[in-house]
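Novice:
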Amino acid sequence: MLNRVVVAPSGFKESLSAEAAADAIAAGVRRALPGAEIDLVPLVDGGEGTALALAAASGGRIVTTAATGPVGETIAAHFALLGGGDTAVVEMAAVAGLSLVPRVLRDPGATTTYGVGELIRAALDTGVRRILVGCGDSGTSDGGAGALQALGARLLDAEGRELPHGGRELTRLHRIDLTGLDPRLTEVELLVACNPYNVLCGERGVARVFGPQKGATPAQVEELSAALENWAFVLTRDAAVPESDLRSGPGTGASGGLGAGLAALGARLLPRFDVLLGHLDLDARLARADLVVTAEGALDHQTPRGKVPAEVARRAKLHGRPVLALAGTLGEGAGEVPGVDACHGILPAPMELAEALLRASELLTDATERALRMILLGTRLPAQAEVSGTQRPSSVR
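Residue numbers in the sequence shown follow the numbering used here, run continuously in steps of one, and reach 398 at the last position.
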């Protein structure tokens, strides 16, 4: 019997927040299982919605402020103060996310994390003792250079001139002057919640893996890769962090390399789910479920590399709970995510991306209902017994 369903989705990028996805799935569950108890656990991975979710979970509040957006304009941004008042959450997507970059301006060689540094400064102004930076859904590939500039670092070319914003400019980086860094950074604990699979440089570096998703052409991918190699070299030398591998250490590639930039300032790069999910009591809620439904925009071979459905499935299996994963698209490897017992795409027929994004809530609700009705049908089929090494239908009683 499916009496209790835990709904634990991620958001669908540029379409649904985690909260909206959870509500859409819940509507589909109610159609198929009107009497079920539904426990909504919208999950954040450091990207969009992280500050709001953690503020709500801890009894904290959102602080709004103006900051520099990814293409250089001033935008309305925010960070969270968690309940208790000693921890701030800076969600980089709130000020440098891909959704803030107009499609006609999607050039990851030009976008900046300057606003992230501004939000960190604003958080310092509140007197907190700990700042948690959530990485995810970024529209940048500047290695965190912009954030460091906002915090007082000077990035200089061979002639001693300050570099403008943008990752491609890092090919000209000759020296970093850190003498002007905000001194309050030494008085707080700086934590970065990130995907440890993301690294700054190399064949699996962020420019190669995520650059195309942010609008980079093949030529721009190579340009950015070279720029970030130079960034790692100069940053390691001038920030005096020989014990840290800023080039290929776990999480250094988070949010277009923001992880590496903040690590050079002494930040600790931590697996995002270890940091974030403790606030939501997820494990205890999964343990009480009869069925777990998770979801994300795409389910594919990348999912096991630190994505929400894989983490939900891993934790659910610790309690022996079945997992259904829903996705906007099912790519290569969708059926091979460890811990996911069944997956289901939400598109009932081919359609334009713009239409799918617009109708995402409706499509997700309908897909949930279809999937659950198939599950219910399966529970009513006659069991099979193994007879002489073959599977034969049992008699129907």
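For each residue, glycine too, the CB sits at the ideal point set by N, CA and C.
1. Measure the CB-CB distance between residue 253 and residue 199 and report whether it falls below 9 Å.
2. Counting C-beta neighbours from all protein chains within 10 Å, is the total for residue 150 16 or more, i.e. buried, or is it exposed?
3. Is residue 201 near residue 267, with beta carbons less than 9 Å apart?
4. Would the beta-carbon of residue 98 fall within 9 Å of that of residue 138?
5. Got a sec? Which residues, its chain only, sit under 8 Å from residue 338 by beta carbon, not counting five neighbours each side?
6. Between which residues of its own chain and residue 272 is the CB-CB distance below 7 Å, once the five residues before and five after are set aside?
7. Is residue 47 closer than 9 Å to residue 265 when the C-beta atoms are compared?
8. Taking all protein chains shown into account, do 16 or more other C-beta atoms lie within 10 angstroms of the C-beta of residue 214, making it buried, or fewer, making it exposed?
9. Please report how far the alpha carbon of residue 172 lies from the alpha carbon of residue 232, in whole angstroms.
10. Taking the alpha helix (DSSP H) that residue 246 falls in, what are its first and last residues?
11. Can you tell which of 174, 152 and 80 has the C-alpha that lies nearest to the C-alpha of residue 161?
12. With a Cβ-Cβ cutoff of 9 Å, do residue 190 and residue 269 count as a contact?
13. Mapping DSSP to helix, strand and coil, what is residue 381?
14. Looking only at its own chain, which residues have a Cβ that is under 8 Å from the Cβ of residue 125, when we skip the five neighbours before and after it?
15. Just to check my reading of the structure: residue 277 and residue 117 have Cβ atoms closer than 8 Å, yes? What is that Cβ distance to the nearest angstrom?
16. Assign residue 35 to one of two classes, buried (16 or more other C-beta atoms within 10 Å of its C-beta) or exposed (fewer than that).
17. Rounded C-beta distance between residue 7 and residue 30? I'm assuming under 8 Å.
18. Drop a sphere of 10 angstroms on the beta-carbon of residue 320, count the other beta-carbons inside from all chains shown, and report buried for 16 or more, exposed for fewer.
Specialist: Checking against the coordinates, here is how it stands:
1. In the sequence shown, counting from the first residue as 1, residue 253 sits at position 252. In the sequence shown, counting from the first residue as 1, residue 199 sits at position 198. In this structure, residue 199 lies closer than 9 Å to residue 253 by Cβ.
2. Counting from one through the sequence shown, the residue named residue 150 turns up at place 149. Residue 150 should be labelled buried.
3. Here residue 201 corresponds to residue number 200 of the sequence shown, with the count starting at 1. Here residue 267 corresponds to residue number 266 of the sequence shown, with the count starting at 1. Not closer than 9 Å, so no.
4. Here the question's residue 98 lines up with position 97 in the sequence shown. Here the question's residue 138 lines up with position 137 in the sequence shown. At the C-beta level, residue 98 and residue 138 come within 9 Å of one another.
5. If you number the sequence shown from 1, residue 338 lands on position 337. Answer for residue 338: 300, 304, 305, 310, 311, 314, 326 and 344, listed in chain order.
6. Within the sequence shown, residue 272 is the residue found at index 271, counting from 1. Around residue 272: 197.
7. Here residue 265 corresponds to residue number 264 of the sequence shown, with the count starting at 1. Here residue 47 corresponds to residue number 46 of the sequence shown, with the count starting at 1. Contact: no.
8. For the purposes of this step, residue 214 is taken as the residue at position 213 of the sequence shown. Its Cβ having fewer than 16 others within 10 Å, residue 214 is exposed.
9. Position 171 of the sequence shown, counted from the first residue, corresponds to residue 172. Position 231 of the sequence shown, counted from the first residue, corresponds to residue 232. When rounded, the distance between both Cα atoms is 8 Å.
10. The residue given as residue 246 occupies position 245 in the sequence shown. Element bounds for residue 246: n/a, residue is neither H nor E.
11. As a first step, residue 161 is located in the sequence shown; it is residue number 160 there, counting from the start. With distances taken between Cα atoms, residue 161 lies closest to 174.
12. Along the sequence shown, read from residue 1 onward, the residue named residue 190 stands at position 189. Along the sequence shown, read from residue 1 onward, the residue named residue 269 stands at position 268. For residue 190 and residue 269, yes; Cβs fall inside 9 Å.
13. Looking up residue 381 in the sequence shown gives position 380. Helix.
14. Locating residue 125 in the sequence shown gives position 124, counting from the first residue. The answer, listed in chain order, is 132, 183, 185, 186 and 189.
15. Taking the first residue of the sequence shown as 1, we reach residue 277 at position 276. Taking the first residue of the sequence shown as 1, we reach residue 117 at position 116. Between residue 117 and residue 277 the Cβ distance is about 18 Å, and since that is not below 8 Å, they are no contact.
16. Here residue 35 corresponds to residue number 34 of the sequence shown, with the count starting at 1. Flag for residue 35 reads exposed.
17. For the purposes of this step, residue 7 is taken as residue 6 along the sequence shown, with counting starting at 1. For the purposes of this step, residue 30 is taken as residue 29 along the sequence shown, with counting starting at 1. Taking the Cβ atoms as the reference, residue 7 lies roughly 10 Å from residue 30, outside the contact range of under 8 Å.
18. Counting from one through the sequence shown, the residue named residue 320 turns up at place 319. It counts as exposed.
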